[in-house]
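Below is one structure; the comments refer to it alone.
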Amino acid sequence: VDDKNRVQINRGFRVQFNSALGPYKGGLRFHPSVMLGTIKFLGFEQTFKNALTGMPIGGGKGGSDFDPKGRSENEIMRFCQSFMTELGRHIGEHTDVPAGDIGVGQRELGYMFGQYKRMMNRYESGVLTGKGLTWGGSRVRTEATGYGAVYFVECMLRTRNQNFDGKRVIVSGAGNVAIYTMQKVASLGGRIIACSDSEGYIVEESGIDLELLKEVKERRRGRVSDYAKLRGASVVFKPKGRVWDVPAEIAMPSATQNELTGQDARTLVKNGVIAVGEGANMPCTPDAVRIFLENKVLFGPGKAANAGGVATSALEMQQNASRDSWSFETTEKRLSEIMHGIHDRCAQTADEYGAPGNYVLGANIAGFMRVAEAVRALGVI
18 VDDKNRVQIN RGFRVQFNSA LGPYKGGLRF HPSVMLGTIK FLGFEQTFKN ALTGMPIGGG
78 KGGSDFDPKG RSENEIMRFC QSFMTELGRH IGEHTDVPAG DIGVGQRELG YMFGQYKRMM
138 NRYESGVLTG KGLTWGGSRV RTEATGYGAV YFVECMLRTR NQNFDGKRVI VSGAGNVAIY
198 TMQKVASLGG RIIACSDSEG YIVEESGIDL ELLKEVKERR RGRVSDYAKL RGASVVFKPK
258 GRVWDVPAEI AMPSATQNEL TGQDARTLVK NGVIAVGEGA NMPCTPDAVR IFLENKVLFG
318 PGKAANAGGV ATSALEMQQN ASRDSWSFET TEKRLSEIMH GIHDRCAQTA DEYGAPGNYV
378 LGANIAGFMR VAEAVRALGV I
């Protein structure tokens, strides 16, 4: 019910794709583009991504075509409560553990968790992940997807005796994944020279001021154009064009699906890109992936490179189950170990199947084989 007391109708979905390895696990997204076909495919991909982590979690996905943009705080709360009223009967810490995704952050998860608690009359903190630290969340979860993608790219670079130090890096997006990707890149010596949002992109050759960008995006809920105004002449804001036109050695697509096309890939290759890591879910089109592989660009596919988020969600589930809370350092160490393990699993599998350096093939086969072995062992046909 909206603020004018009118009933609004949205469609909600939860696809429980495979639980051979553990409870269904995958995000919820609130966006007008959400439809059943998209959620089914994302659940399919999530199954293999989760398998790559080595953690005991299955694959699922969900969401609604509800659009939080332009809605009041109370409208968002009421929608989350309505959504959980229907979803609650299908989930549980041993059955299905949703998390956040596009349009669903700690605020939305809090409203949903509160409704689940009212309905079930128990404090089952392991039913959702991505929670706030004061009510069962895990340290590093906010940073995990971005940090994890950078760890994966760092591992790929090491195979060619290279690292981030001194490299020019471009990142698409300016949301959670993008910001923490930039933060970890900067800590490893990389220079973030460009990022974007839905209104355009900014270029700052001396390196983007991450603290100011976080202030604009996270606290003021502003746009990259606002950042450009605050920084002045050192920043170029372009409302048109492609962030991928900016020459750089490393590209980290971290916004949304199909954002990096074949033409973008050709531009990046022409400008000397050596590594691409997918921070978002399938941001590179199949044509773009083919071009990167043909040109021997180190390419980290999303199901491997951005698995840090769901891996840390599994660590959150561990902490919830043991009624424990780990330090930031302990959790980040575990995340780093998991991402290094994912990289090595993909690289070794690619070698075994005669395609060294092809992380796409390695990730697909390694993830599939782990699920297939579990399905076979359980007698699931």
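For the sequence shown, the working numbering assigns the number 18 to the initial residue and increments by one for each residue that follows. C-beta: ideal position from N, C-alpha, C; glycine also.
On the DSSP bridge assignment, give the partners of residue i in chain order.
i: residue 41; result: 113
i: residue 136; result: Paired residue(s): none; residue 136 is not in a bridge.
i: residue 78; result: 32
i: residue 209; result: 186
i: residue 46; result: 80
i: residue 157; result: Paired residue(s): none; residue 157 is not in a bridge.
i: residue 96; result: Answer is none; residue 96 lacks a bridge partner.
i: residue 301; result: 277
Per DSSP, what kind of secondary structure is residue i in: helix, strand or coil?
i: residue 370; result: coil
i: residue 293; result: strand
i: residue 286; result: helix
i: residue 191; result: coil
i: residue 269; result: strand
i: residue 202; result: helix
i: residue 87; result: coil
i: residue 255; result: strand
i: residue 262; result: helix
i: residue 220; result: strand
i: residue 277; result: strand
i: residue 10; result: The requested residue 10 does not occur in the structure, where the chain is confined to residues 18 to 398.
i: residue 316; result: strand
i: residue 342; result: coil
i: residue 119; result: coil
i: residue 27; result: coil
i: residue 70; result: coil
i: residue 234; result: helix
i: residue 307; result: helix
i: residue 324; result: coil
i: residue 226; result: coil
i: residue 378; result: helix
Buried or exposed: which applies to residue i, given that a residue is buried once 16 or more other Cβ atoms fall within 10 Å of its Cβ?
i: residue 50; result: exposed
i: residue 108; result: buried
i: residue 24; result: exposed
i: residue 427; result: Beyond the ends of the chain as shown, which are 18 and 398, falls residue 427; an answer cannot be given.
i: residue 204; result: exposed
i: residue 371; result: exposed
i: residue 155; result: buried
i: residue 377; result: buried
i: residue 52; result: exposed
i: residue 162; result: buried
i: residue 348; result: buried
i: residue 139; result: exposed
i: residue 119; result: buried
i: residue 26; result: exposed
i: residue 201; result: buried
i: residue 18; result: exposed
i: residue 387; result: buried
i: residue 182; result: exposed
i: residue 289; result: exposed
i: residue 258; result: exposed
i: residue 300; result: buried
i: residue 270; result: buried
i: residue 150; result: exposed
i: residue 236; result: exposed
i: residue 91; result: exposed
Can you tell which of the options has the C-alpha that lies nearest to the C-alpha of residue i?
i: residue 189; options: 278, 28, 158, 153; result: 278
i: residue 157; options: 118, 329, 280; result: 329
i: residue 86; options: 39, 48, 168; result: 48
i: residue 346; options: 42, 340, 354; result: 354
i: residue 143; options: 337, 350, 273; result: 337
i: residue 297; options: 288, 268, 314; result: 268
i: residue 146; options: 385, 335, 254; result: 335
i: residue 159; options: 340, 209, 116, 92; result: 116
i: residue 20; options: 79, 38, 89, 36; result: 89
i: residue 112; options: 241, 38, 295; result: 38
i: residue 185; options: 178, 234, 211; result: 211
i: residue 78; options: 62, 84, 93; result: 62
i: residue 379; options: 227, 310, 60; result: 310
i: residue 303; options: 332, 283, 43; result: 283
i: residue 350; options: 164, 208, 234; result: 164
i: residue 45; options: 65, 76, 18, 36; result: 76
i: residue 41; options: 56, 74, 58; result: 74
i: residue 58; options: 215, 274, 91, 305; result: 274
i: residue 125; options: 206, 214, 94; result: 94
i: residue 110; options: 237, 179, 321, 333; result: 333
i: residue 485; options: 99, 292, 272, 36; result: Missing from the structure shown is residue 485; the chain here goes from 18 to 398 and no further.
Please tell me whether residue i has its Cβ less than 9 Å away from any Cβ of chain D.
i: residue 209; result: No chain D is part of this structure, which consists of one protein chain only.
Contact between the region 252–264 and the region 30–39: three or more CB pairs below 8 Å? no
Specify whether the region 318–326 and the region 64–75 touch according to this definition: at least 3 beta carbon pairs, one from each stretch, less than 8 Å apart. yes
Per the contact definition of three or more C-beta pairs closer than 8 Å, is the region 210–220 in contact with the region 244–263? yes
Are the region 162–177 and the region 121–139 in contact at 8 Å, needing three or more beta carbon pairs? no
Do the region 305–318 and the region 118–130 touch if we need at least three Cβ pairs shorter than 8 Å? no
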